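Heads up, the sequence shown is in the numbering used here, so the first residue is 217 and it goes up one at a time.
Below: one structure, written as structure tokens.
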Amino acid sequence: MKAIKLSFLAVVLVLAACESKSQTPEVQIEQEETLNIVEKQHYVHAHGMPTKGKILMVASSPAVSEQTGWPIGFWAAELTHPLHVFQESGYEVVLASTEGGAIVMDGYSNPTDPSGYSAHDVVSLGYMQQDWFNEMLQNTPRLTDINPDEYDAIFLVGGQGPMYTYRGNEDLENLFATFYESDKPSAAVCHSTTLLLEAKGSNGELLVKGKTWTGFANAEEDFADQAVGMKIQPYRIEDEAHKIEGTNFKVAQAFSSYAITDGNLVTGQQQNSGAAAARMVVNLLGE
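This is the structure in structure tokens:
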């Protein structure tokens, strides 16, 4: 009888062990599947819901290039790509310009331009189908109408126009410096970084003193000049930046997406860097 009990106990233990082994892989699989799950809740600005905040974008008013004689303004992708990032992240955007009123795209930046240079820019093309976007381009407030206290960040749109309308523009320099010295994200991309060649803070020093930043590169200017068969810009940002002591101006491979955050200063190299710079602004705002 004792032998029978021991045999029965042995069978029970074996069955329990087998059951335990058969369950182990299932548990492991469940754990592995759980570890592979990644969840992220992204902000969606539903109609009627409050925004996270307000961002000021600034574009050049229309100008005429002294080099080419072309009508010039802002580069489409440098407005629309950052705008898309800001709106998708839940921010209201106000677009101002140096003189107020209607603003125009640089011809080559328009995705419908016969040159086909920016035909791939479906983001700009999509915005151009929206009535509210076109109305925004026709009715921009001027810089002097802007109250910086109402905004959380500033973002300067580039293009060919800024080479004539930004550098030495005291209203824009003062506005940008106000954001910067208030520790608000202060961004510039492409040729809009020309503002930083002369913009100073309240201490009289250049805002880029001790800073690492970027802007339109000489290699990119070379490409543009060769493409149209003439010198396009009156000066080059990279050349001018290297004349400044105590600052670190950097560029990456031509036309690559390259942006830099140094403190609350954000800069992007050219039109392909606008979205990256905008995401840096959103990160600084604490998405």
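Note that beta-carbon positions come from the ideal geometry of N, C-alpha and C, so glycine has one too.
In this text, all values refer to a predicted model and were calculated from it rather than measured experimentally.
Problem set entry | Inter-stretch contact at 8 Å, needing at least 3 Cβ pairs: the stretch 332–348 / the stretch 365–385 | no
Exercise. Taking the Cβ atom as the reference point for each residue, do Arg452 and Glu414 lie within a distance shorter than 8 Å?
Worked result: no
Exercise. Can you tell which of Cys406, Leu388 and Met321 has the C-alpha that lies nearest to the C-alpha of Leu353?
Worked result: Met321
For this session: Closer than 7 Å by C-beta to Ala232: which residues in its own chain qualify, once you throw out the five before and the five after it? Chain order, please.
Result: With a pLDDT of only 46 at Ala232, under 50, the local geometry of the prediction cannot be trusted, and no value is derived from it.
For this session: Could you work out which residue in Ala369, Phe349 and Asn326 is closest to Val338 when comparing CA atoms only?
Result: Asn326
Problem set entry | Nonlocal neighbours in the same chain, by C-beta distance under 8 Å from Thr483, ignoring five residues either side | Ala403, Ala404, Val405, Thr409, Leu412, Trp429, Thr430, Gly431, Ala475, Ile476 and Ala493
Exercise. Leaving out the 5 sequence neighbours to the left and right, which residues in its chain are closer than 8 Å to Gln283 when beta-carbon positions are compared?
Worked result: Met446, Lys447, Ile448, Gln449 and Pro450
Exercise. Which word fits Gln469, buried or exposed, when buried means at least 16 other C-beta atoms lie within 10 angstroms of its C-beta?
Worked result: exposed
For this session: Determine the burial state of Phe290: buried for a count of at least 16 other Cβ atoms within 10 Å of its Cβ, exposed for fewer.
Result: buried
Exercise. Taking the alpha-carbon positions, what's the Ile362 to Asn252 distance?
Worked result: 48 Å
Problem set entry | Asn350 (DSSP reduced to helix, strand or coil) | helix
Problem set entry | Gly377 - containing alpha helix (DSSP H), residue span | Looking at the DSSP string, Gly377 is not in any alpha helix (DSSP H), and its letter there is neither H nor E.
For this session: Name the two residues that bound the continuous beta strand (DSSP E) containing Gly269.
Result: Gly269 to Ala275
Exercise. So, are the CB atoms of Lys416 and Asn480 less than 8 Å apart?
Worked result: no
Exercise. Can you name the start and end residues of the alpha helix (DSSP H) that Asp478 belongs to?
Worked result: Element bounds for Asp478: not the alpha helix (DSSP H) but the beta strand (DSSP E), Ala475 to Asp478.
Exercise. How is the alpha helix (DSSP H) around Thr314 delimited, first residue to last?
Worked result: Thr314 -> no alpha helix (DSSP H), and no H or E assigned at all.
For this session: Determine the DSSP secondary structure at Thr483, reduced to helix, strand or coil.
Result: strand
For this session: Give the single residue among Leu299, Met379, Lys268 and Pro298 whose Cα lies nearest to the Cα of Pro287.
Result: Met379
Problem set entry | Residue closest to Gln303, alpha-carbon to alpha-carbon, out of Gly285, Thr394, Glu436 and Thr267 | Thr267
Exercise. If you drop the 5 nearest sequence neighbours on each side, which residues of the same chain put their C-beta closer than 7 Å to that of His300?
Worked result: Val339
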